[in-house]
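A short worksheet on the structure shown next.
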Amino acid sequence: MTALLEIDRLLDDLEAGLRKKLEERGVTSPALIGIRTGGVWLADVMSKRLGLQEPWGELDISFYRDDFSRIGLNPKVKPSSLPFSTEDRDIILIDDVIMSGRTIRAAMNEIFDYGRPASIILATLVDLGARELPVQPDVTGRVLALQSHQRVKLRGPDPLHIELQETGH
Amino acid sequence: MTATDPSQTSLQLTADGQLRHFLTLDGLNRALLTEILDTADSFIEVGERSIKKVPLLRGRTVVNLFFESSTRTRSTFELAAKRLSADVLNLDINTSATSKGESLSDTLLNLEAMASDMFVVRHSQSGAPHFIAESVTPGVAIINAGDGRHAHPTQAMLDMLTIRQHKGGFEGLKVAIVGDVLHSRVARSQIRALNELGAAEVRVIAPATLLPRDVESLGCTVEYDMTRGMKDLDVVIMLRLQKERMEGALLPSEREFYRLYGLNQEKLALAHPECIVMHPGPINRGVEIESAVADGPQSVILNQVTNGIAISMAVMSMAMGGQMAERSRKLAGRARG
Numbered sequence: 000m001t002a003l004l005e006i007d008r009l010l011d012d013l014e015a016g017l018r019k020k021l022e023e024r025g026v027t028s029p030a031l032i033g034i035r036t037g038g039v040w041l042a043d044v045m046s047k048r049l050g051l052q053e054p055w056g057e058l059d060i061s062f063y064r065d066d067f068s069r070i071g072l073n074p075k076v077k078p079s080s081l082p083f084s085t086e087d088r089d090i091i092l093i094d095d096v097i098m099s100g101r102t103i104r105a106a107m108n109e110i111f112d113y114g115r116p117a118s119i120i121l122a123t124l125v126d127l128g129a130r131e132l133p134v135q136p137d138v139t140g141r142v143l144a145l146q147s148h149q150r151v152k153l154r155g156p157d158p159l160h161i162e163l164q165e166t167g168h
Numbered sequence: 000m001t002a003t004d005p006s007q008t009s010l011q012l013t014a015d016g017q018l019r020h021f022l023t024l025d026g027l028n029r030a031l032l033t034e035i036l037d038t039a040d041s042f043i044e045v046g047e048r049s050i051k052k053v054p055l056l057r058g059r060t061v062v063n064l065f066f067e068s069s070t071r072t073r074s075t076f077e078l079a080a081k082r083l084s085a086d087v088l089n090l091d092i093n094t095s096a097t098s099k100g101e102s103l104s105d106t107l108l109n110l111e112a113m114a115s116d117m118f119v120v121r122h123s124q125s126g127a128p129h130f131i132a133e134s135v136t137p138g139v140a141i142i143n144a145g146d147g148r149h150a151h152p153t154q155a156m157l158d159m160l161t162i163r164q165h166k167g168g169f170e171g172l173k174v175a176i177v178g179d180v181l182h183s184r185v186a187r188s189q190i191r192a193l194n195e196l197g198a199a200e201v202r203v204i205a206p207a208t209l210l211p212r213d214v215e216s217l218g219c220t221v222e223y224d225m226t227r228g229m230k231d232l233d234v235v236i237m238l239r240l241q242k243e244r245m246e247g248a249l250l251p252s253e254r255e256f257y258r259l260y261g262l263n264q265e266k267l268a269l270a271h272p273e274c275i276v277m278h279p280g281p282i283n284r285g286v287e288i289e290s291a292v293a294d295g296p297q298s299v300i301l302n303q304v305t306n307g308i309a310i311s312m313a314v315m316s317m318a319m320g321g322q323m324a325e326r327s328r329k330l331a332g333r334a335r336g
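Which chain is which? The protein sequence lines are D and S, in order. With the first letter of the first sequence counted as 1, position 69 gets the number 68 in numbering that gives the first Met the number 0; the numbers rise by one all the way through. With the first letter of the second sequence counted as 1, position 283 gets the number 282 in numbering that gives the first Met the number 0; the numbers rise by one all the way through.
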């Protein structure tokens with residue numbers, strides 16, 4: 000398992016997958032958006048690897064979460080920051096881990112409030128399955144099936160590494 | 000029902016320390032005040048988007064319950080609620096049912112029957128929002144939009160947000176509040192917030208007749224001479240002369256007041272060169288403040304207005320979130336038990 004979670008290999012696979020997907024779609028100048036916090040670190044890395052000139056954007060999806068009515072507002076919300084208009088742009092949306100799909104649903108709703116994008120490619124470093132919404136990544140570094148007591152966590156930003164945690168129950 | 004009543008803290012906060020009403024700054028610690036400011040910062044960004052709306056209060060009904068008219072405050076809360084996607088009802092009670100003899104409790108029962116989720120209350124009586132918060136159905140959030148001489152917590156917080164934006168923080172700041180402190184609901188909330196957030200000195204500058212007794216006990220120093228009081232200031236907050244509240248002869252004349260306590264360019268020059276000038280509005284030009292200062296480079300008065308929307312959005316979404324989180328915890332507890 001540890002070997003599977005070697006960060007450089009995951010990033011290599013994510014980059015290769017993204018290049019392939021961009022070519023398939025004929026996208027030449029994508030705008031990159033990371034979801035805070037892990038997705039923002041990945042946006043920084045992928046922006047450099049893909050040689051994108053434009054600064055990437057970061058989303059804090061706290062105002063769009065569907066569990067607001069259960070747990071209230073995230074006390075650590077920070078402003079989202081998109082240094083470009085999403086109107087008619089081809090977007091790469093990137094996050095560290097996808098599970099239920101709820102974060103991505105919230106992120107897409109937020110992106111649309113900045114303008115109607117031409118397309119969105121969803122890239123996640125790790126796909127843990129356990130989906131609750133019909134949201135699938137276009138590109139993923141690795142699909143993992145975890146035991147119920149296991150969690151993965153991206154740590155960063157420098158150095159970026161990924162941890163497999165045993166929760167003990 | 001004094002401002003330091005500990006029951007007010009438990010009335011405002013859930014067992015988990017989340018806001019569920021916003022009545023006063025008393026009992027709210029630095030961490031929570033900072034959380035309000037940080038949340039408001041995120042809402043400022045929302046106000047710069049193509050679509051200036053977030054879905055947090057979608058499907059909720061907010062009632063602006065104004066027993067005392069205030070166009071600016073009401074518009075601010077109305078816009079804030081709409082940007083949170085709530086449905087908004089504006090009720091000007093002066094011209095409504097209470098003039099037909101309906102009691103406050105009956106008015107509230109009727110509004111609750113319309114499935115309201117939040118009341119934003121403005122009232123000339125100190126403590127009215129507190130009274131409503133105590134008697135309202137559980138799950139309904141109350142926001143104080145100014146009560147009597149007691150408090151105006153959202154105005155104070157939007158002032159804090161404005162100061163933080165321009166000064167980066169509160170550490171070491173010297174702040175003066177100038178003018179009619181006696182009749183001001185804002186001044187009390189401002190002094191409380193500045194002290195809690197760590198300002199170095201809060202100074203009130205006013206004639207003795209416009210200061211409450213024991214004003215120092217609020218946590219400020221007193222200066223009767225504005226020329227001395229302006230020295231080294233980083234922030235000067237002018238208060239509006241509450242002409243409609245002025246009972247008896249507390250002032251010799253408006254002209255005399257302006258000469259002694261009005262802010263003009265000469266007096267502003269005595270402060271720190273980067274001192275910012277604030278005013279809660281509406282401005283009485285030539286009574287508290289000279290036009291050249293109000294419209295000048297050190298004035299941040301219009302920033303205050305923009306920040307008011309963000310602060311209102313922050314406290315409304317935090318209080319509504321606290322109410323809903325509390326309700327779902329209770330439901331979960333009941334399901335388990």
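Each residue gets a CB set at the ideal place from its N, CA and C atoms; glycine is no exception. It should be emphasised that the depicted structure is a prediction, and the values quoted were computed from it without experimental measurement.
Item, Value
"Which first and last residues belong to the beta strand (DSSP E) in which S/G126 is found?", "Note, S/G126: premise wrong, no beta strand (DSSP E); not H, not E."
"When the Cα of S/P272 is compared with those of S/Q297, S/L250, S/V139, which residue comes out closest?", "S/Q297"
"In chain order, which continuous runs of the alpha helix (DSSP H) of length 4 or greater are located wholly inside the segment 231 to 301 of chain S?", "253 to 260, 264 to 267, 290 to 293"
"Have a look at the DSSP bridge pairing and note the partners of D/S118.", "D/D89"
"For D/G56 and chain S, any beta-carbon pair shorter than 8 angstroms?", "no"
"With respect to 7 angstroms, is the separation between the Cβ of S/V61 and the closest non-hydrogen atom of the ligand MG below this value?", "Judged by which ligands are present, the structure shown has none, so any question about the ligand MG falls away."
"Could you name the residues of chain D that S/G320 contacts, counting a contact when the two beta carbons are closer than 7 angstroms?", "F67, G71, L72"
"S/M317 to S/F21, Cα distance in whole Å?", "9 angstroms"
"Which residues of the segment 124 to 154 of chain S have a Cβ closer than 8 angstroms to any Cβ of chain D? Give them in chain order.", "none"
"Buried or exposed for S/M113, going by 16 or more other Cβ atoms inside 10 Å?", "exposed"
"Measure from the alpha carbon of D/V142 to the alpha carbon of each residue in D/E22, D/G128, D/A117, then state which is nearest.", "D/G128"
"Alpha carbons only, please: which of S/I288, S/E195, S/C219 is nearest the one belonging to S/L24?", "S/E195"
"Any C-beta of chain S within less than 9 angstroms: which residues of the segment 82 to 115 of chain D qualify?", "S84, T85, E86, N108, E109, F111, D112, Y113, G114"
"Give me the Cβ distance between S/L83 and S/L64, rounded to the nearest whole Å; I'm assuming they're in contact under 8 angstroms.", "Not quite, the Cβ-Cβ distance comes to about 17 angstroms (not below 8 angstroms), so this is no contact."
"Whole alpha helix (DSSP H) runs in the segment 16 to 78 of chain D with 4 or more residues, listed along the chain?", "37 to 48, 67 to 70"
"Do you know how far the Cα of S/R48 is from the Cα of D/S79?", "10 angstroms"
"So is S/T72 buried or exposed if we call it buried at 16+ other beta carbons inside 10 Å?", "buried"
"Does the separation of the CB atoms of S/A269 and S/T226 fall below 8 angstroms?", "Here residue 269 of chain S turns out to be Leu, not Ala, going by the sequence shown. Cβ distance < 8 angstroms, so S/L269 and S/T226 count as in contact."
"Taking just the CA atoms, how far does S/R284 sit from S/L262?", "10 angstroms"
"Using a Cβ cut-off of 9 angstroms, pull out every chain D residue sitting near S/K52, in sequence order please.", "D112"
"Check whether chain S comes within 8 angstroms of D/P158, counting only Cβ atoms and requiring the distance to be less than that.", "no"
"Is the segment 74 to 93 of chain S in contact with the segment 113 to 128 of chain D, if contact means three or more CB pairs nearer than 8 angstroms?", "no"
"Is the CB of S/S84 under 8 angstroms away from at least one CB in chain D?", "no"
"By the 10 Å Cβ neighbour count, where 16 or more other Cβ atoms means buried, how is S/L240 classified, buried or exposed?", "buried"
"Does the distance from the C-beta atom of S/V185 to that of S/H151 stay below 8 angstroms?", "yes"
"In terms of alpha-carbon separation, which member of S/K51, S/G58, S/M229 lies closest to S/C274?", "S/M229"
"Residues of the segment 10 to 31 of chain S in Cβ contact with chain D at a cutoff of 7 angstroms, in chain order, please.", "Q17"
"Run through chain D and tell me which residues come within less than 9 angstroms of S/M323, C-beta to C-beta.", "F67, S68, R69, I70, G71"
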